[in-house]
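To start, the structure under review is shown below, and the notes come after it.
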Amino acid sequence: MNQRENEQSRHEDFLQYMIDAQKAQLASEANAPPEREDKLFDLDSEVTPDTSFLPNKGLTEDEALAQCVSFFVAGLDGTTGTIANALYLLAVHPDKQAILREEVDECFATHGDFPSLDAIAKMKYLHCVISESLRLYPPASR
């Protein structure tokens, strides 16, 4: 997170979303009137069933990073399985692998060594291969 702030770069991903949420939380706390944390234990205070007296606590930088890591690790199994199944299907069907290889080679020739997400999203046969792999081997049990 510090690296992104030092570079002042912006990426459209979950970590950027967490950074933006943290900055918004800090900005709202700076403009908000001070909360009375001791109201919970104040015997003279009015008893209310809601918890509006509790302060709104945002995520710390470490908590935000931990959430990102948790989501990343949780998504690894499904992604790994999907990629492995797609590669297996391509190995079993070399004719389809050749078609996909042509599309990938064309993409690299057109967009360079690091094609953008938009360029990858336009690869129709790649989308078909992944969709078929997910149809045959869904990451969740049926």
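Note that the sequence shown covers residues 493 to 634 in this note's numbering. For glycine and all other residues, C-beta sits at the position ideal for the given N, C-alpha and C. Values in this document were obtained by computation on a predicted structure and should not be read as measured data.
* To do: Would you tell me roughly how many angstroms separate the C-alpha atoms of Ala601 and Arg593, rounded to the nearest one?
  => In the sequence shown, residue 601 corresponds to position 109, counting from 1. In the sequence shown, residue 593 corresponds to position 101, counting from 1. Whole-angstrom Cα-Cα distance: 12 Å.
### Message
Tell me the rounded alpha-carbon separation between Leu628 and Glu555.
### Response
Residue mapping note: residue 628 aligns to position 136 of the sequence shown, counting from 1. Residue mapping note: residue 555 aligns to position 63 of the sequence shown, counting from 1. Approximately 37 Å, taken between the alpha carbons.
Original post:
Is Thr552 closer than 9 Å to Ser625 when the C-beta atoms are compared?
Top reply: Walking along the sequence shown from the start, residue 625 turns up at place 133. Walking along the sequence shown from the start, residue 552 turns up at place 60. Not in contact: Ser625 and Thr552 (Cβ atoms no closer than 9 Å).
| Are Leu568 and Met510 close, meaning C-beta to C-beta below 9 Å? | In the sequence shown, the residue the question calls residue 568 occupies position 76. In the sequence shown, the residue the question calls residue 510 occupies position 18. Taking 9 Å as the cut-off, the Cβ atoms of Leu568 and Met510 do not count as close.
**Request:** Please state whether DSSP places Ala583 in a helix, a strand or coil.
**Result:** Within the sequence shown, numbered from 1, the residue matching residue 583 stands at position 91. Ala583 sits in a helix when the DSSP states are folded into three classes.
| Can you tell which of Gln508, Val561, Ala583 and Ala566 has the C-alpha that lies nearest to the C-alpha of Val488? | Any answer about residue 488 is impossible in this case: the structure gives the chain only from 493 up to 634.
Please work out which residues of its chain come closer than 7 Å, Cβ to Cβ, to Met655, disregarding the five sequence neighbours upstream and downstream, and give them in chain order. Any property of residue 655 remains undetermined from this structure, which presents the chain solely from 493 to 634.
Does DSSP put Thr602 in a helix, a strand or coil? As a first step, residue 602 is located in the sequence shown; it is residue number 110 there, counting from the start. Helix.
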